[in-house]
Structures are given as C-alpha cells and as structure tokens.
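With our numbering as the guide, the letters of the sequence shown map in order to residues 275 to 369. Ideal placement from N, C-alpha and C gives every residue a C-beta, glycine not left out. Please read the structure below before turning to the comments.
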Amino acid sequence: MNVRQKKLELIEAMNRARALEPSTFVPNKLLDTLIEKLNLKNDAELCRVLEVQPPIISKIRHGKLSVGATILLRMHEKSEIAIRDLKELSASPVH
C-alpha cells in the first residue's frame with residue numbers, strides 16, 4: 275500500500291468517525307444573532323464587518339468549519355457580545 279492509499283484510508287476513517295459523532299455545532303444561531311445585533315442584511319455584510327472572506331462565513335454556516343479563536347475575537351470586538359455568550363450561541367468548541 276502506497277502513501278496515497280494510506281492517506282485516503284485515513285481520511286475515510288476520519289469522515290466515518292465524524293459522521294458518528296453527535297454534532298453540537300449550530301452556527302446559524304450565532305451568525306443570525308450577529309447579523310441582527312449589527313443591523314446587517316446578510317452574510318456578505320457580516321463578512322465585510324468581520325473582515326473575512328465570504329467562503330469562511332459560508333463554511334461556518336454550513337458546519338464545514340468551526341469558529342476559531344481569531345474570528346471569535348473579531349465577533350466579540352465588533353458586536354460587544356461577551357465571548358462566553360458567543361460560544362454558547364454556537365455551542366461550539368473553539369479550536
């Protein structure tokens with residue numbers, strides 16, 4: 275078995291394990307709360323305010339990416355919502 279096959283098997287195993295885990299990450303509530311608090315219209319405006327590329331917010335909204343420490347701090351700075359409250363809104367572990 276070559277390195278590429280091993281890598282593919284590892285990725286498949288990780289995806290199977292991830293599918294079995296109960297997901298506690300609910301990003302829509304977090305993002306929608308930020309949009310409402312900042313009086314924004316949509317995710318595109320939220321991207322501009324947080325100074326992140328649109329694919330980042332899209333991946334967070336669709337559960338493909340968890341909220342990292344950097345973006346969590348930006349959310350806190352722009353919205354003045356406590357970090358603890360932001361984490362509770364998404365019920366997401368910060369990586």
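Query: How would you write the range of the alpha helix (DSSP H) that Asn-276 sits in, first residue to last?; Result: Neither: Asn-276 is in no alpha helix (DSSP H) and is coded neither H nor E.
Query: Looking at the structure shown, is His-350 part of a helix, part of a strand, or coil, going by DSSP?; Result: helix
Query: Assign Val-341 to one of two classes, buried (16 or more other C-beta atoms within 10 Å of its C-beta) or exposed (fewer than that).; Result: buried
Query: For Asn-316, which three-state DSSP category applies?; Result: coil
Query: Please state the DSSP three-state secondary structure of Leu-339.; Result: coil
Query: Cβ atoms of Lys-333 and Leu-324: under 7 Å apart, would you say?; Result: no
Query: Within 10 angstroms of the Cβ of Leu-304, are there 16 or more other Cβ atoms? Answer buried if so, exposed if not.; Result: buried
Query: What residue does the alpha helix (DSSP H) around Glu-362 start on, and which one ends it?; Result: 357-364
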